[in-house]
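For reference, each letter of the sequence shown is one residue, going 203 to 632 in this note's numbering.
Below: one structure, written as structure tokens.
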Amino acid sequence: MSTQELLGKVLPHLSLRDGLPDLIDTPDQLARAAQALASGEGPVAIDAERASAYRYGHRAYLIQLRREGVGTFLVDPIRLSDLSPLAAAIGSAEWVIHAAAQDLPCLAERGLRPARLFDTELAARLAGYPRVGLAAMVETLLGFRLDKNHARVDWSRRPLPEAWLRYAALDVEVLAELREILRTELRRQGKLRWAAEEFEYLRTSLPPTPAPERWRRVSGIHQVRGRRGLAVVRELWSVRDHLAREADLSPTRLLPDEAIIWAATHRVTTREQLLAAGFPSRDLETWWTAVRRAHRLADSALPAAAPASPGPPPAHRWRDKSPAAAERLAAARAAVAALADEHRLPAENLLSPDVVRRLCWDPPDPPDEAAVAEVLRRGGARPWQIRLTAGPLSRVLVRAAVHAVDVHPVDVPRSPERRIDRRTPGGNVP
């Protein structure tokens, strides 16, 4: 059922076909659930609830599973230290998850890893749906209303309220049905192979390496001027992270980013100033010591004004640093956008923006299709992405190599030959 057909209609709420199952929180209950899941048919719908806004880290506080023929199971991974029976029961089945990148890490942390994967959110993106949230997909494809009013609650709370458990169970209630509809649509559009490559890439990807200077991600750090101020951010972030880990609290619940930025942008000479700025009285001496430590650091110990980066600079600086690279990037982005429009999918799903930037900053010489394809492959592009984009991007780079003049931006003309007509299939200039 399309969204247009649903306009003007009051949608019924999605409900649990089998009622609300009991929470599984003992080894005996888990063993019985694992046996039942192993005897079920078809893929396993799975979801996890985290409490990252309340607790330190991103671990799972509830795991929901559903399989045809055996129903839904709600597993408490906090009360259960060993989930190996569950892993054995579902390890060889295809998993159906919505937005798998969010849940796979916390499931893997508990020893749960899929042998095969179908991501309904990613499938919807590839199929060209404009709204790909779970509630939107349930509404658009199945004609039911799925409330998301408990999405941000504290899932570490025990006991879990019945309303929360019902909400969690509904998240896996119709994932299998969504999978069937999306598979059919992807097959109709000739994109089923694309989806398979995306799912396998997602399934086998290693967790991202933590940034070496995570403190630079404090919200509002762009307001901090000078290396001394950055040292204050670094010291306070480190103290906050240590205290949050020990207390198992989300760092921002312990101390908001705004307070850190305030301390880094003001002359702090007393503890009372920190209190007035929102620093909690508990551990005040620790916060005060961190600020004083930052101000007493030798210049040689201060952090760099900007983080070291092995990749290209931010795109907004390209016009000053390399006008020719900026021209290449503008043309390449337009070519990718045109291809994405042609194939009805988001440009970022056709090719990672980071891969496009790296290609344009340091293009191969000569930029023939085979060389471009190799750069894309090394950047993590999947075979279907390379087949669609290597040729058009090679043509963009060849044209840029002919016309680019790497001079100061005021001397660089806006060449119409380097513009991409997005109305032309493939993004080629006629």
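C-beta atoms are modelled at their ideal positions from N, C-alpha and C, and glycine is treated no differently.
Treat the numbers as computed from the prediction; the structure is a model and nothing was measured.
When we look at the beta-carbon of residue i and count the other beta-carbons within 10 Å, is it buried (16 or more) or exposed?
i    : result
T472 : exposed
L408 : exposed
R219 : exposed
E251 : buried
D224 : exposed
R416 : exposed
A371 : buried
A247 : buried
E178 : Summary: the structure shown does not reach residue 178, with the chain confined to residues 203 through 632, and so no result is reported for it.
G221 : exposed
V212 : exposed
T274 : buried
A329 : buried
H424 : exposed
R484 : exposed
Whose CA, out of the options, lies closest to the CA of residue i?
i    : options                : result
E399 : P585, A413, R589       : P585
Y256 : A449, L477, L222       : A449
T228 : L282, G428, L531       : L282
S254 : Q237, T467, S452, E550 : S452
S358 : D230, A549, I265       : I265
R589 : L541, G345, V441       : L541
V374 : R318, R495, A510, M339 : M339
H497 : L362, P363, A353, A433 : A433
S502 : H605, R429, P594       : R429
Q231 : L362, V420, L276, W520 : L276
D567 : R601, E323, R535       : R601
D543 : A510, Y331, A240       : Y331
S260 : A233, R234, E311       : Correcting the residue type first, residue 260 is His in the shown sequence and not Ser. When each option's Cα is compared against that of H260, the closest is E311.
Measure the C-alpha to C-alpha separation of residue i and residue j and round it to an integer number of angstroms.
i    : j    : result
L456 : Y258 : 10 Å
D522 : W563 : 13 Å
V272 : P316 : 19 Å
A526 : I463 : 37 Å
G335 : L499 : 48 Å
E379 : G313 : 27 Å
L288 : D278 : 12 Å
A465 : A539 : 43 Å
T406 : S524 : 36 Å
Y369 : D570 : 53 Å
L476 : W490 : 8 Å
A603 : P548 : 28 Å
G242 : E270 : 6 Å
V470 : P410 : 37 Å
P555 : T591 : 13 Å
G171 : R327 : There is no way to answer for residue 171, as the model of the chain reaches only from 203 to 632.
L319 : G244 : 12 Å
L306 : R381 : 18 Å
A413 : D443 : 14 Å
R389 : E402 : 17 Å
V435 : A532 : 35 Å
L216 : K393 : 29 Å
W439 : A479 : 16 Å
A236 : A295 : 13 Å
R360 : W297 : 28 Å
L504 : G431 : 9 Å
R494 : R418 : 19 Å
D459 : A537 : 39 Å
V426 : L486 : 22 Å
T386 : H468 : 59 Å
Look at residue i and residue j and say whether their C-beta atoms are less than 8 Å apart.
i    : j    : result
I292 : L309 : no
S596 : V577 : no
A507 : F481 : no
P514 : R559 : yes
E437 : A492 : yes
A302 : D321 : yes
V355 : W366 : yes
L552 : Q587 : yes
I383 : L343 : yes
A325 : A238 : no
V557 : T488 : no
P214 : R347 : yes
D249 : I299 : yes
Using the DSSP secondary-structure output, state which residues sit across from residue i in a beta bridge.
i    : result
L553 : Bridge partners of L553: none, in fact.
H215 : R347
W586 : DSSP, once it has assigned bridges, lists no residue as partnering W586.
D249 : Q266
V598 : DSSP output for V598 lists no bridge partner at all.
L319 : W297
V277 : I226, I265
L243 : Per the sequence shown, residue 243 should be read as Glu rather than Leu. According to DSSP, E243 bridges with E270.
Between residue i and the ligand NAD, is the CB less than 7 Å from at least one heavy atom?
i    : result
L599 : For the ligand NAD, the structure offers nothing, since it holds no ligand at all.
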